[in-house]
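Numbering (the numbering used here), first residue to last: 20 to 260.
Quick notes on the structure that follows.
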(Lines of atoms letter the chains of each structure in order from A and count residues from 1; the text may use other names and numbers.)
(Lines give C-alpha, C1' and ligand atoms only; values in the text may rest on other atoms or scores of the structure.)
Protein backbone atom coordinates (compact mmCIF):
# COMPACT_ATOMS: atom_id res chain seq x y z
CA UNK A 1 0.00 0.00 0.00
CA UNK A 2 1.13 3.57 -0.53
CA UNK A 3 -0.09 7.15 -0.69
CA UNK A 4 1.22 10.62 -1.43
CA UNK A 5 0.24 13.62 0.67
CA UNK A 6 1.50 16.88 2.09
CA UNK A 7 1.87 17.53 5.77
CA UNK A 8 3.43 19.37 8.69
CA UNK A 9 5.82 17.48 10.93
CA UNK A 10 4.72 17.49 14.57
CA UNK A 11 7.30 15.18 16.16
CA UNK A 12 10.55 13.38 15.50
CA UNK A 13 12.17 10.60 17.50
CA UNK A 14 15.27 8.51 16.96
CA UNK A 15 14.76 4.92 15.87
CA UNK A 16 17.81 2.71 16.00
CA UNK A 17 21.18 4.23 15.19
CA UNK A 18 20.42 6.23 12.07
CA UNK A 19 16.68 6.17 11.41
CA UNK A 20 13.82 8.33 12.70
CA UNK A 21 10.09 8.01 13.24
CA UNK A 22 8.15 11.14 12.34
CA UNK A 23 4.58 12.01 13.24
CA UNK A 24 2.96 14.22 10.61
CA UNK A 25 -0.29 16.17 10.45
CA UNK A 26 -1.26 15.41 6.88
CA UNK A 27 -3.79 17.08 4.63
CA UNK A 28 -5.74 13.94 3.71
CA UNK A 29 -4.71 11.19 6.16
CA UNK A 30 -4.83 12.93 9.54
CA UNK A 31 -2.05 12.40 12.07
CA UNK A 32 0.11 9.73 10.53
CA UNK A 33 3.46 8.26 11.60
CA UNK A 34 6.15 6.61 9.52
CA UNK A 35 9.80 5.57 9.51
CA UNK A 36 12.39 7.65 7.66
CA UNK A 37 15.53 5.73 6.78
CA UNK A 38 18.61 7.77 7.71
CA UNK A 39 16.37 10.40 9.30
CA UNK A 40 18.91 11.27 11.99
CA UNK A 41 21.68 11.88 9.46
CA UNK A 42 22.86 15.36 8.50
CA UNK A 43 21.20 15.24 5.08
CA UNK A 44 17.67 14.85 6.42
CA UNK A 45 17.79 16.14 9.98
CA UNK A 46 17.01 19.72 8.99
CA UNK A 47 14.06 18.63 6.86
CA UNK A 48 12.43 16.60 9.63
CA UNK A 49 12.05 19.39 12.19
CA UNK A 50 8.61 20.02 13.76
CA UNK A 51 6.78 22.81 11.96
CA UNK A 52 8.28 22.10 8.55
CA UNK A 53 5.89 21.50 5.67
CA UNK A 54 6.82 18.47 3.60
CA UNK A 55 5.71 16.40 0.60
CA UNK A 56 5.36 12.77 1.61
CA UNK A 57 5.19 9.34 0.08
CA UNK A 58 4.24 6.54 2.49
CA UNK A 59 4.67 2.84 1.79
CA UNK A 60 3.66 -0.15 3.87
CA UNK A 61 2.64 -3.75 3.33
CA UNK A 62 -0.46 -3.23 5.47
CA UNK A 63 -2.29 -0.03 6.42
CA UNK A 64 -1.87 -0.91 10.11
CA UNK A 65 1.92 -1.06 9.80
CA UNK A 66 4.22 1.83 10.68
CA UNK A 67 5.46 1.92 7.10
CA UNK A 68 8.18 4.13 5.66
CA UNK A 69 8.18 7.72 4.46
CA UNK A 70 10.06 9.40 1.66
CA UNK A 71 10.14 13.11 2.51
CA UNK A 72 10.77 16.23 0.46
CA UNK A 73 11.00 19.64 2.11
CA UNK A 74 8.35 22.10 0.93
CA UNK A 75 8.56 24.95 3.46
CA UNK A 76 11.24 25.19 6.15
CA UNK A 77 9.05 26.94 8.69
CA UNK A 78 10.92 25.80 11.80
CA UNK A 79 13.93 28.02 11.06
CA UNK A 80 11.80 31.18 11.27
CA UNK A 81 11.00 30.49 14.94
CA UNK A 82 14.48 29.70 16.21
CA UNK A 83 15.34 33.30 17.17
CA UNK A 84 12.07 33.81 19.07
CA UNK A 85 11.75 31.54 22.13
CA UNK A 86 8.09 32.39 22.68
CA UNK A 87 7.13 31.56 19.08
CA UNK A 88 9.16 28.35 19.25
CA UNK A 89 7.30 27.56 22.47
CA UNK A 90 3.95 28.01 20.71
CA UNK A 91 5.09 25.72 17.88
CA UNK A 92 6.20 23.05 20.37
CA UNK A 93 2.93 23.39 22.28
CA UNK A 94 0.75 23.05 19.19
CA UNK A 95 2.66 20.00 17.99
CA UNK A 96 2.44 18.36 21.42
CA UNK A 97 -1.30 19.07 21.69
CA UNK A 98 -1.98 17.52 18.29
CA UNK A 99 0.05 14.47 19.28
CA UNK A 100 -2.04 13.80 22.39
CA UNK A 101 -5.46 14.98 21.19
CA UNK A 102 -5.75 13.32 17.79
CA UNK A 103 -6.21 9.64 17.10
CA UNK A 104 -3.94 8.33 14.37
CA UNK A 105 -5.23 8.20 10.80
CA UNK A 106 -8.46 10.13 11.43
CA UNK A 107 -8.97 12.65 8.65
CA UNK A 108 -9.13 16.28 9.82
CA UNK A 109 -8.70 18.52 6.76
CA UNK A 110 -9.98 21.57 8.64
CA UNK A 111 -7.40 21.06 11.38
CA UNK A 112 -4.65 20.77 8.80
CA UNK A 113 -5.74 24.04 7.19
CA UNK A 114 -6.07 25.65 10.62
CA UNK A 115 -2.54 24.58 11.50
CA UNK A 116 -1.22 26.10 8.28
CA UNK A 117 -3.02 29.37 8.97
CA UNK A 118 -1.77 29.46 12.57
CA UNK A 119 1.84 28.95 11.53
CA UNK A 120 1.50 31.51 8.73
CA UNK A 121 0.22 34.09 11.20
CA UNK A 122 2.78 33.15 13.85
CA UNK A 123 5.64 33.75 11.41
CA UNK A 124 4.52 37.32 10.78
CA UNK A 125 3.42 38.63 14.18
CA UNK A 126 5.57 40.25 16.81
CA UNK A 127 6.87 37.92 19.51
CA UNK A 128 4.92 39.70 22.28
CA UNK A 129 2.47 37.53 24.24
CA UNK A 130 -0.53 39.60 23.16
CA UNK A 131 0.07 38.42 19.59
CA UNK A 132 1.00 34.76 19.86
CA UNK A 133 -1.30 34.19 22.84
CA UNK A 134 -4.45 35.31 21.06
CA UNK A 135 -3.56 33.19 18.02
CA UNK A 136 -3.01 30.11 20.15
CA UNK A 137 -6.21 30.46 22.18
CA UNK A 138 -8.31 30.90 19.03
CA UNK A 139 -6.64 27.85 17.51
CA UNK A 140 -7.22 25.70 20.61
CA UNK A 141 -10.89 26.66 20.74
CA UNK A 142 -11.12 25.79 17.05
CA UNK A 143 -9.54 22.42 17.85
CA UNK A 144 -12.21 21.81 20.48
CA UNK A 145 -14.90 22.63 17.94
CA UNK A 146 -13.42 20.32 15.30
CA UNK A 147 -13.34 17.46 17.82
CA UNK A 148 -17.01 17.99 18.69
CA UNK A 149 -16.63 19.99 21.90
CA UNK A 150 -17.12 23.54 20.67
CA UNK A 151 -17.86 26.35 23.11
CA UNK A 152 -21.06 28.35 22.58
CA UNK A 153 -20.14 32.02 22.90
CA UNK A 154 -23.05 33.37 20.86
CA UNK A 155 -25.39 34.37 23.70
CA UNK A 156 -25.83 34.21 27.45
CA UNK A 157 -26.68 30.73 28.71
CA UNK A 158 -28.95 32.18 31.42
CA UNK A 159 -30.80 35.00 29.66
CA UNK A 160 -30.17 34.63 25.92
CA UNK A 161 -28.82 38.17 25.54
CA UNK A 162 -25.95 38.69 23.12
CA UNK A 163 -24.39 41.78 24.70
CA UNK A 164 -21.89 42.19 27.53
CA UNK A 165 -20.76 38.56 27.52
CA UNK A 166 -17.79 38.36 29.88
CA UNK A 167 -17.90 34.88 31.43
CA UNK A 168 -17.93 31.21 30.37
CA UNK A 169 -19.61 28.50 32.40
CA UNK A 170 -17.23 25.60 33.20
CA UNK A 171 -20.22 23.25 33.29
CA UNK A 172 -21.82 24.04 29.95
CA UNK A 173 -19.06 25.77 27.97
CA UNK A 174 -21.51 28.57 27.18
CA UNK A 175 -21.10 32.32 27.53
CA UNK A 176 -22.66 34.21 30.45
CA UNK A 177 -23.44 37.93 30.57
CA UNK A 178 -22.04 40.30 33.17
CA UNK A 179 -25.38 40.72 34.94
CA UNK A 180 -26.30 37.05 35.02
CA UNK A 181 -22.84 35.89 36.02
CA UNK A 182 -22.00 38.47 38.68
CA UNK A 183 -23.39 36.45 41.64
CA UNK A 184 -21.31 33.45 40.53
CA UNK A 185 -18.27 35.17 39.05
CA UNK A 186 -15.78 33.29 41.24
CA UNK A 187 -16.95 30.01 39.72
CA UNK A 188 -16.89 31.19 36.11
CA UNK A 189 -14.09 31.61 33.58
CA UNK A 190 -13.38 35.03 32.17
CA UNK A 191 -14.31 35.31 28.49
CA UNK A 192 -11.43 37.09 26.69
CA UNK A 193 -12.72 39.95 24.50
CA UNK A 194 -10.33 38.98 21.68
CA UNK A 195 -12.53 35.96 20.98
CA UNK A 196 -14.98 38.44 19.47
CA UNK A 197 -14.22 40.42 16.32
CA UNK A 198 -12.36 43.60 17.17
CA UNK A 199 -11.95 42.65 20.84
CA UNK A 200 -8.98 44.01 22.74
CA UNK A 201 -5.96 41.81 23.45
CA UNK A 202 -3.94 42.23 26.65
CA UNK A 203 -1.49 39.94 28.39
CA UNK A 204 -3.98 39.45 31.23
CA UNK A 205 -6.74 38.22 28.96
CA UNK A 206 -4.27 36.02 27.08
CA UNK A 207 -3.62 34.34 30.42
CA UNK A 208 -7.38 34.02 30.94
CA UNK A 209 -7.82 32.59 27.46
CA UNK A 210 -5.09 30.00 28.00
CA UNK A 211 -6.76 28.90 31.24
CA UNK A 212 -10.12 28.66 29.47
CA UNK A 213 -9.00 26.52 26.53
CA UNK A 214 -6.75 24.36 28.72
CA UNK A 215 -9.65 23.52 31.05
CA UNK A 216 -11.93 22.35 28.26
CA UNK A 217 -9.18 20.47 26.41
CA UNK A 218 -8.42 18.55 29.58
CA UNK A 219 -12.05 18.00 30.51
CA UNK A 220 -13.45 16.90 27.18
CA UNK A 221 -10.52 15.59 25.14
CA UNK A 222 -7.71 14.43 27.42
CA UNK A 223 -9.18 13.32 30.75
CA UNK A 224 -11.47 10.63 29.23
CA UNK A 225 -8.31 8.98 27.86
CA UNK A 226 -6.23 9.47 31.05
CA UNK A 227 -4.05 12.08 29.37
CA UNK A 228 -2.89 15.49 30.55
CA UNK A 229 -2.02 18.79 28.96
CA UNK A 230 1.53 18.50 27.57
CA UNK A 231 4.35 20.11 29.48
CA UNK A 232 5.20 22.15 26.38
CA UNK A 233 1.81 23.85 26.69
CA UNK A 234 2.24 24.63 30.39
CA UNK A 235 5.69 26.10 29.77
CA UNK A 236 4.12 28.92 27.71
CA UNK A 237 3.15 30.60 30.97
CA UNK A 238 6.87 31.30 31.48
CA UNK A 239 6.62 33.83 28.63
CA UNK A 240 3.90 35.80 30.44
CA UNK A 241 4.89 38.43 32.98
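Quick reminder that beta carbons are idealized off the backbone N, C-alpha and C, glycines included.
It should be emphasised that the depicted structure is a prediction, and the values quoted were computed from it without experimental measurement.
query                                                                                                                       : result
Which residues DSSP lists as bridging residue 95, in chain order                                                            : BP columns for residue 95 are empty, so no partner.
Inter-residue spacing [alpha-carbon to alpha-carbon] between residue 212 and residue 27                                     : 31 angstroms
Residue 101 versus residue 92: straight-line alpha-carbon distance, rounded                                                 : 18 angstroms
Nearest to residue 35 (by Cα), restricted to the options 149, 114, 96 and 58                                                : 58
Where the alpha helix (DSSP H) through residue 152 begins and ends                                                          : 148–165
DSSP-derived helix/strand/coil call for residue 127                                                                         : coil
When 48, 46, 66 and 45 are compared against residue 55, the one with the closest alpha-carbon                               : 66
As assigned by DSSP and simplified to three states, the class of residue 208                                                : strand
Which residues DSSP lists as bridging residue 73, in chain order                                                            : 26 and 92
Proximity to residue 29 [Cα-Cα], best of 77, 135, 76 and 104                                                                : 135
Inter-residue spacing [alpha-carbon to alpha-carbon] between residue 218 and residue 184                                    : 12 angstroms
Sequence-distant residues of the same chain with beta carbon closer than 7 angstroms to residue 107, five excluded per side : 100 and 101
Touching by the beta-carbon criterion (3+ pairs, under 8 angstroms), the segment 189–205 and the segment 247–257            : no
Simplified DSSP state of residue 216, which is helix, strand or coil                                                        : coil
Buried versus exposed, by CB contacts within 10 Å (16 or more), residue 68                                                  : buried
Coarse secondary structure for residue 51, derived from DSSP in three states                                                : strand
Backbone CA spacing between residue 246 and residue 114 [nearest angstrom]                                                  : 15 angstroms
Simplified DSSP state of residue 194, which is helix, strand or coil                                                        : strand
Proximity to residue 71 [Cα-Cα], best of 63, 37 and 179                                                                     : 63
Alpha helix (DSSP H) segment containing residue 229, residue limits                                                         : 222–235
Beta-carbon separation (whole angstroms), residue 172 vs residue 138, contact threshold 8 angstroms                         : Not a contact, Cβ separation roughly 25 angstroms.
Contact between the segment 186–198 and the segment 141–153 (3+ Cβ pairs under 8 angstroms)                                 : no
In DSSP terms, what residue 184 is bridged to                                                                               : 196
Separation of residue 229 from residue 61, as counted between CA atoms                                                      : 37 angstroms
Residue range of the unbroken alpha helix (DSSP H) whose run includes residue 248                                           : No alpha helix (DSSP H) contains residue 248, which DSSP labels as neither H nor E.
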